[in-house]
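Visitor: In terms of my numbering, the sequence shown has 535 at position 419, counting the first letter as 1, and numbering is strictly consecutive.
Each residue gets a CB set at the ideal place from its N, CA and C atoms; glycine is no exception.
All figures in this text were calculated on a predicted structure; none of them were measured in a lab.
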Amino acid sequence: MATSRVELVRSLHEDIEIFEKAAAEELAARAAMKHRPDQIMSDHTTHALLGQILARNAQLDALYTDEDGSLREDVDEMTGDRAIDAFYARLGRVREAHAALEPVPVAADAEEQMLAAVLEAEPQVTFTGEEGEGRFLDLHGCHDAYVNLRGIKPVVAAAGKAGKAAKTPAAVKYYTYITEHALRPERTALSVARGAAYARYAQQLLETLVDFVHRTQPLTDVHALLADAEAELSRQWDAGHVLRWQRVEGGAPAVADGAPAADGVAADGEAGGEAGAGAPDAHIDLSALRSAGELEAALGAERLKRELGMRGLKCGGRPAERAQRLFLALTAPEQLDRKQYAHAAVAQPAAAHGGASNGNGACVHDGVGVSAAAAASAAASAHARRCASIEAAIVRLGEVLGQTPAETAANVEKNAARTFDEIAADLAAAEAADAEDAGARDTDGDDDDDVTPIYNPKNLPLGWDGKPIPYWLYKLHGLNLEFKCEICGGQSYWGPREFERHFQEARHAHSMRCLGISNEKAYHGITLIDDAYAMQRQLAEAQRQSRFVPEADEECEDSLGNVMPRKTYDDLARQGLL
117 MATSRVELVR SLHEDIEIFE KAAAEELAAR AAMKHRPDQI MSDHTTHALL GQILARNAQL
177 DALYTDEDGS LREDVDEMTG DRAIDAFYAR LGRVREAHAA LEPVPVAADA EEQMLAAVLE
237 AEPQVTFTGE EGEGRFLDLH GCHDAYVNLR GIKPVVAAAG KAGKAAKTPA AVKYYTYITE
297 HALRPERTAL SVARGAAYAR YAQQLLETLV DFVHRTQPLT DVHALLADAE AELSRQWDAG
357 HVLRWQRVEG GAPAVADGAP AADGVAADGE AGGEAGAGAP DAHIDLSALR SAGELEAALG
417 AERLKRELGM RGLKCGGRPA ERAQRLFLAL TAPEQLDRKQ YAHAAVAQPA AAHGGASNGN
477 GACVHDGVGV SAAAAASAAA SAHARRCASI EAAIVRLGEV LGQTPAETAA NVEKNAARTF
537 DEIAADLAAA EAADAEDAGA RDTDGDDDDD VTPIYNPKNL PLGWDGKPIP YWLYKLHGLN
597 LEFKCEICGG QSYWGPREFE RHFQEARHAH SMRCLGISNE KAYHGITLID DAYAMQRQLA
657 EAQRQSRFVP EADEECEDSL GNVMPRKTYD DLARQGLL
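(1) Could you tell me which whole alpha helix (DSSP H) segments of length 4 or greater appear in the stretch 156-232?
(2) Looking at glycine 611 and histidine 593, is the spacing between their C-beta atoms short of 8 Å?
(3) Any contact of the stretch 152-162 with the stretch 236-251, i.e. 3+ C-beta pairs under 8 Å?
(4) If I measure Cβ to Cβ from isoleucine 570 and keep anything under 6 Å in the same chain, skipping five residues before and after, which residues do I get?
(5) Have a look at the DSSP bridge pairing and note the partners of proline 584.
(6) Going by the beta-carbon positions, is the gap between threonine 524 and isoleucine 294 smaller than 8 Å?
(7) Just mark lysine 574 as buried or exposed, buried being the case when its beta carbon has 16 or more other beta carbons within 10 Å.
(8) Which residue marks the beginning of the alpha helix (DSSP H) containing glutamate 671, and which one marks its end?
(9) In whole angstroms, what is the alpha-carbon distance linking alanine 393 and leucine 143?
(10) How long is the line joining the alpha carbons of histidine 499 and alanine 315, rounded to whole angstroms?
(11) My understanding is that isoleucine 585 touches leucine 576, with C-beta atoms under 8 Å, so please give their C-beta distance in whole angstroms.
(12) Measuring CB to CB, does leucine 429 end up less than 8 Å from alanine 445?
(13) For arginine 690, which residues in the same chain have their Cβ closer than 6 Å to its Cβ, ignoring the five residues on either side in sequence?
(14) Considering only the beta carbon of each residue, do leucine 179 and arginine 121 sit closer than 8 Å?
(15) Classify cysteine 630: buried if its beta carbon has 16 or more other beta carbons within 10 angstroms, exposed otherwise.
(16) Could you spell out the range, first to last residue, of the beta strand (DSSP E) harbouring phenylalanine 664?
(17) Where does valine 358 land, buried or exposed, given buried means 16+ other C-beta within 10 angstroms?
(18) To the nearest angstrom, report how far apart proline 435 and phenylalanine 536 are at their CA atoms.
(19) Apart from the five residues just before and just after valine 371, which ones in its own chain have a Cβ nearer than 7 Å to its Cβ?
(20) Thinking glutamate 670 and methionine 680 are a contact (beta carbons under 8 Å), I'd like their distance in whole angstroms, please.
(21) Just checking my contact of threonine 336 with valine 329 at CB under 8 Å: how many whole Å lie between their CB atoms?
(22) Threonine 520 and leucine 253: beta carbons closer than 8 Å?
(23) Between leucine 411 and leucine 452, how many whole angstroms is the CB-CB distance? I'm expecting something under 8 Å.
(24) Can you tell me whether proline 666 is buried or exposed? The criterion is at least 16 other CB atoms within 10 Å of its CB, across all chains shown.
(25) Classify tyrosine 587 as buried or exposed, calling it buried when 16 or more other Cβ atoms lie within 10 Å of its own Cβ.
(26) What residue ranges within the stretch 229-253 form continuous alpha helix (DSSP H) runs of no fewer than 4 residues, ordered along the chain?
(27) Figure out for me which residue from Cys604, Gly605, Arg613 has the closest Cα to the Cα of lysine 591.
(28) For the structure I just gave you, are there three or more beta carbon pairs, one from the stretch 259-266 and one from the stretch 178-197, closer than 8 Å?
(29) Where does methionine 628 land, buried or exposed, given buried means 16+ other C-beta within 10 angstroms?
(30) Over the uninterrupted beta strand (DSSP E) stretch that includes tyrosine 609, give me the two end residues.
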């Protein structure tokens with residue numbers, strides 16, 4: 117028997133309400149969780165429930181669209197003039213269908229079974245040992261890829277025994293990589309970032325961060341964040357504000373001077389960091405300069421080195437020699453000798469000026485050379501755009517991670533100061549604690565199965581043996597009397613003894629301080645806020661009245677022995693009547 121569309125809609129709405137209730141309960145329970153792993157598992161449970169809600173909303177949307185008109189037919193059948201006849205006809209078909217089927221007992225906990233099936237279908241989340249159950253990042257693979265990029269200058273190792281710096285350089289430390297390079301791609305030299313290996317490394321880092329956010333923050337819409345970052349980058353790229361990749365020097369973008377530099381070819385002034393690549397120099401129209409001397413005077417020694425490095429030319433020699441080499445590259449690139457190019461340059465910048473290099477370093481002005489230069493320039497621009505997009509996504513994910521990178525760095529630094537035995541002891545203690553918690557949960561479950569419910573119809577307090585105390589003792593101590601204290605937030609106290617004791621406890625004292633009233637003996641027994649304020653005013657008035665006032669309370673005696681108030685005495689003295 118086919119289910120009507122109206123019944124299907126009702127069933128979907130019922131499922132949505134069940135999942136919404138379960139999600140709300142899970143969120144309320146998460147607020148009381150203190151351990152990060154428990155919070156992550158709670159988030160995944162909520163994510164699974166939200167996924168079921170979205171799936172059923174999609175089904176409802178398709179049903180309400182009603183492209184075939186079946187829902188409208190069912191509604192018309194139920195609301196028309198023959199609605200009663202249609203109801204009994206449907207009832208007859210339902211009875212016939214049930215008579216033809218075997219009776220199946222209806223589960224009392226069908227709602228719990230549906231929720232359990234949804235949660236069991238959710239894949240389990242796993243973490244590596246380095247991630248500490250989602251508390252830290254594991255970027256060892258990305259660190260290995262980063263330190264193996266050609267062009268990354270290794271740091272010098274610590275001083276040796278003689279007090280001099282070691283000659284053998286050491287790679288960038290994992291701690292330094294996390295704190296300074298992983299989530300700050302702008303600190304990587306542009307000469308290194310132009311290589312194809314850097315794009316592969318950046319993509320690997322992005323995928324690692326996305327996977328970590330998916331596992332630790334399942335309720336975060338990562339795809340929306342990345343789409344927003346890409347849209348923001350597109351706006352800045354179109355406006356020419358991505359200075360790292362759209363830096364204008366020499367009248368053309370740096371990425372359009374030719375193909376990306378090979379891995380390991382780092383222009384001077386860039387390999388040490390982004391001090392030169394992050395902020396563009398003042399724009400100078402190199403085509404307006406008519407001699408090598410003008411180039412040297414306008415650019416300076418360091419700028420000449422950068423311009424030569426960007427074009428794949430050697431950067432050594434005196435400033436005058438550099439200026440002459442750059443002037444030839446701008447005006448007559450065919451006169452440049454092959455020896456003047458860097459040995460690892462992939463493409464000579466001369467190709468960008470309309471010529472293709474032959475075996476002797478001369479340029480052949482033909483259509484093939486122009487096409488090759490255009491293809492190289494397009495490849496460089498595409499590489500720059502792709503790397504800029506990946507870097508923007510990495511920065512955005514770094515904002516989502518919050519304090520996780522800092523906590524990871526602190527954990528790395530702490531582990532570096534510990535011995536292997538200390539780390540092994542901590543791991544063993546953690547495993548023992550987990551096993552103890554699991555055993556406690558199992559024991560609690562077994563006890564719940566074995567313990568029979570205690571007969572306690574009057575809800576009496578339990579004694580030391582776990583059994584209800586005698587009813588006469590319950591009445592003797594007045595435990596059947598309930599006292600509510602509005603000052604304590606409506607808290608109930610059972611029995612006069614507990615009620616009297618609570619006036620000296622921290623809860624009541626804190627509530628009195630919040631009201632701006634000192635918790636003195638005079639306020640004991642007052643449970644209403646208005647009464648407490650009234651008592652405060654009454655005590656203030658009594659204190660005011662009991663205060664000594666010289667004009668009214670001080671008495672004086674004249675020479676005849678008459679006693680009078682000080683005010684009367686002063687009046688008579690001024691009038692000379694004493």
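Guide: Walking through what the data contain:
(1) Every unbroken stretch of the alpha helix (DSSP H) spanning 4 or more residues and falling wholly within the stretch 156-232 is given here in chain order: 186-195, 199-215.
(2) Contact: yes.
(3) Look at the beta carbons and you see the stretch 152-162 touching the stretch 236-251: at least three pairs across the two are nearer than 8 Å.
(4) Counting only Cβ-Cβ distances below 6 Å, and skipping sequence neighbours, we find nothing.
(5) Beta bridge pairing from DSSP links proline 584 with Leu578.
(6) Yes, these two residues count as a Cβ contact at 8 Å.
(7) Here lysine 574 is exposed. Its C-beta has fewer than 16 other C-beta atoms within 10 Å.
(8) First-last for glutamate 671: 671-673, but that is the beta strand (DSSP E), not the alpha helix (DSSP H).
(9) Its pLDDT being 36, under 50, alanine 393 is placed unreliably in this model, and the value from its coordinates should be taken loosely. Between alanine 393 and leucine 143, the C-alpha separation is close to 47 Å.
(10) Whole-angstrom Cα-Cα distance: 8 Å.
(11) Confirmed, about 6 Å.
(12) Yes, the Cβ-Cβ distance between leucine 429 and alanine 445 is below 8 Å.
(13) Around arginine 690: no qualifying Cβ.
(14) One thing to note: leucine 179 has its Cβ within 8 Å of the Cβ of arginine 121.
(15) Under this definition cysteine 630 is an exposed residue.
(16) According to the DSSP assignment, phenylalanine 664 belongs to no beta strand (DSSP E), since it is labelled neither H nor E.
(17) The residue in question, valine 358, is buried, as its Cβ has 16 or more Cβ neighbours within 10 Å.
(18) Straight-line measurement puts the Cα of phenylalanine 536 at about 55 Å from the Cα of proline 435.
(19) Caution applies to valine 371, whose pLDDT of 40 falls short of 50 and renders its modelled position unreliable; the model cannot decide the point.
(20) Between glutamate 670 and methionine 680 the beta-carbon gap is near 10 Å, outside 8 Å, which marks them as no contact.
(21) At roughly 6 Å, the Cβ-Cβ gap stays under 8 Å, so threonine 336 and valine 329 are in contact.
(22) Taking 8 Å as the cut-off, the beta carbon of threonine 520 is found closer than this to the beta carbon of leucine 253.
(23) Contact between leucine 411 and leucine 452 is ruled out by a C-beta separation of about 15 Å, above the 8 Å threshold.
(24) The Cβ neighbour count for proline 666, taken over all protein chains shown within 10 Å, is under 16; the residue is labelled exposed.
(25) With fewer than 16 other Cβ atoms from the protein chains shown falling within 10 Å of its own Cβ, tyrosine 587 counts as exposed.
(26) Those alpha helix (DSSP H) runs which fall completely within the stretch 229-253 and span 4+ residues do not exist here.
(27) Comparing Cα positions, the closest option is Arg613.
(28) With a cut-off of 8 Å, the stretch 178-197 and the stretch 259-266 do not count as touching, because too few Cβ pairs lie within range.
(29) The residue in question, methionine 628, is buried, as its Cβ has 16 or more Cβ neighbours within 10 Å.
(30) Where tyrosine 609 is concerned, the enclosing beta strand (DSSP E) stretches over 607-610.
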